[in-house]
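First the structure, in the form of structure tokens, and then the observations on it.
There are 2 protein chains.
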Amino acid sequence: MQRTNFSSQLAACSIARTLDVIGEPWSPLILRDVWVGLRRFDQIQADLGISRKVLTERLTYLVEEGIMERLPYDQRPRYEYHLTQKGTELVDLLMVMTAWGDRWLAGEAGPPVLYRHHACGEISHVDLRCAHCGEPMHAGDVDALAGPGAAGPESAGRESAEAEPAGAEPADQLA
Amino acid sequence: MQRTNFSSQLAACSIARTLDVIGEPWSPLILRDVWVGLRRFDQIQADLGISRKVLTERLTYLVEEGIMERLPYDQRPRYEYHLTQKGTELVDLLMVMTAWGDRWLAGEAGPPVLYRHHACGEISHVDLRCAHCGEPMHAGDVDALAGPGAAGPESAGRESAEAEPAGAEPADQLA
DNA sequence: CTTCCGGAGTTCCTTCAAGAAACTCTGTCG
DNA sequence: CGACAGAGTTTCTTGAAGGAACTCCGGAAG
Chain A
1 MQRTNFSSQL
11 AACSIARTLD
21 VIGEPWSPLI
31 LRDVWVGLRR
41 FDQIQADLGI
51 SRKVLTERLT
61 YLVEEGIMER
71 LPYDQRPRYE
81 YHLTQKGTEL
91 VDLLMVMTAW
101 GDRWLAGEAG
111 PPVLYRHHAC
121 GEISHVDLRC
131 AHCGEPMHAG
141 DVDALAGPGA
151 AGPESAGRES
161 AEAEPAGAEP
171 ADQLA
Chain B
1 MQRTNFSSQL
11 AACSIARTLD
21 VIGEPWSPLI
31 LRDVWVGLRR
41 FDQIQADLGI
51 SRKVLTERLT
61 YLVEEGIMER
71 LPYDQRPRYE
81 YHLTQKGTEL
91 VDLLMVMTAW
101 GDRWLAGEAG
111 PPVLYRHHAC
121 GEISHVDLRC
131 AHCGEPMHAG
141 DVDALAGPGA
151 AGPESAGRES
161 AEAEPAGAEP
171 ADQLA
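Protein sequence lines, in the order shown, are assigned to chains A and B. Here the first sequence is numbered in full-length UniProt numbering, starting from 1 and rising by one per residue. Here the second sequence is numbered in full-length UniProt numbering, starting from 1 and rising by one per residue.
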């Protein structure tokens, strides 16, 4: 799996940049474990069954990236991993994965875990809304335009939108 | 990278199940390309710079999983990939990645691509809300409980659960 | 009719990351 | 002083990703 750093994409795509932080195998599950309270090396290792070497690498990287902090919890050399603000906000991603997985992949037994929303007390899941107007915001509800950090000079045009199968295919670039 | 199928987790975790579908390297970027209108093999390959072999594998798998469809667009053996409903809903994940990446990783140039929300016409990004009450729903706004599809018999209570660093940390389990 | 071409993959070889399991290091406790 | 436990290292093997060349198919060109 030789260096999958998406380098070509890093410049122009927030998705690729995000994947560069938590896109490696196991990273999202490590994030989940720490989120739910499994904060110590051996706990996470036992829970996931991940190789210790890989777990070390991932934790080190996540700390470097500011997703987690490594904090001593004892006089002895013992450490716990805690989510930073940056990491906590990344949990949004996990909640969306959960919602999608529950909807499309849940076994006949139903979802394995339920979330109760503090605000309303109901078992619920997340839904995506526009931060501006509060209306639903999903794949079909947006147009993409080149932003300030867009790639090359020629990238000024449009983005997803059109995209006719047969006709004049724009084949834009990405985000 | 020998078989990272998260099998131990698949039974009990929608996050792991979702990762099993789009967690492999490149898959989210392929999804993005198809979403924005790059639907043909060579287009995607050129855009991502991915190995043709890996692209073949990923596309085949995504089609098998019902994320995309492979449709002929010519009398000749030419095909395009289109998102299914299942795949389109997965784009939510990309939109959340974009939002997080824009917030935490955007270069000094600003975000590379902007999204205009049809409903309000504003440049915006997604926000997570409770599907029930519409209030914000983020990492700290939920309690997790074991659902019907929870793991083993002993998993009735919590899962990872205990594991308080020091005090009585709730540290619920996962999804 | 034969040749050319372009999209869509295959094949093959190399390299490097994930798995597995044993080993190390460091304080504390009995 | 020896056992212990948490938190990693080390070492070796396997297999997935890269890369580049090769194949296959049907229409277009000559």
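Note that CB positions come from ideal geometry on N, CA and C, so glycine has one too. None of the values given here were measured: they were computed from a predicted structure.
In chain A, which residues lie with their C-beta within 9 Å of the C-beta of residue i?
i	result
B/T88	H138, A139, G140
Please state whether DSSP places residue i in a helix, a strand or coil.
i	result
B/Y79	strand
A/R17	helix
A/A175	Interpretation of A/A175 is limited by its pLDDT of 37, a score under 50 that renders its predicted location unreliable; no figure is taken from the coordinates.
A/P28	helix
A/Y115	strand
A/H139	A small fix is needed here, since residue 139 of chain A is Ala in this sequence, not His. Helix at A/A139.
B/A144	strand
A/I123	strand
A/R39	coil
A/L128	strand
B/L48	helix
A/E89	helix
A/E69	strand
A/A99	helix
A/L94	helix
A/E108	coil
A/T56	helix
A/D33	helix
Among the residues of its own chain, which have a CB less than 6 Å from the CB of residue i, if the five just before and after it don't count?
i	result
B/R39	E80, Y81
B/E154	Reliability fails at B/E154, whose pLDDT of 37 lies under 50, so the model's placement of it is uncertain and the value that follows must be treated cautiously. Within the same chain, B/E154 has no close Cβ partners at all.
A/P28	I22
A/W35	V91
A/I123	L114, R116
A/P165	Residue confidence is low: A/P165 scores 34 on pLDDT, short of 50, so the model does not pin down where it sits. Its coordinate-derived value is still stated next. Nothing meets the Cβ criterion.
A/F41	none
A/Y73	E80
Would you mind stating whether residue i and residue j have Cβ atoms separated by less than 8 Å?
i	j	result
B/L62	B/I30	yes
A/L93	B/M97	yes
B/V21	A/L128	no
B/L48	B/I67	no
A/G107	B/P112	no
B/L105	A/R58	no
A/G147	B/G110	yes
What in chain B is Cβ-close to residue i, meaning under 8 Å?
i	result
A/V96	D92, L93, V96, L128
Just the chain B side, please: which residues come within less than 7 Å of residue i by C-beta, in chain order?
i	result
A/T18	M97, W100, G101, L105
A/R116	V142, D143, L145
Mind pulling the chain A residues with CB within less than 8 Å of residue i?
i	result
B/E135	H117, A119, C120
Got a sec: does the ligand COA put a non-hydrogen atom nearer than 7 Å to the Cβ of residue i?
i	result
A/A131	The ligand COA is absent from the structure shown, which contains no ligand whatsoever.
Interface residues of chain B around residue i at Cβ under 9 Å?
i	result
A/L51	Note that residue 51 of chain A is Ser in the sequence shown, not Leu. Chain B residues near A/S51: none, gap ~10 Å exceeds 9 Å.
Who are the near neighbours of residue i in its chain, counting only those whose CB is closer than 7 Å to its CB and skipping five residues on each side?
i	result
B/R32	L94
residue 226 of chain A	Residue coverage of chain A in this structure runs from 1 to 175, which leaves residue 226 of chain A outside it and unanswerable.
B/Q43	none
B/R70	V63, Y79, Y81
Looking only at its own chain, which residues have a Cβ that is under 8 Å from the Cβ of residue i, when we skip the five neighbours before and after it?
i	result
A/W26	L48, I50, V54, L55, R58
**Q.** Meets three-Cβ-pair contact criterion under 8 Å: the region 79-88 of chain A and the region 49-56 of chain A
**A.** In the pairwise beta carbon analysis, the region 79-88 of chain A is classified as not touching the region 49-56 of chain A: fewer than three pairs are separated by under 8 Å.
Q) Looking at C-beta atoms only, is the number of pairs between the region 112-121 of chain A and the region 115-132 of chain B that lie closer than 8 Å three or more? A) Verdict: yes, contact present.
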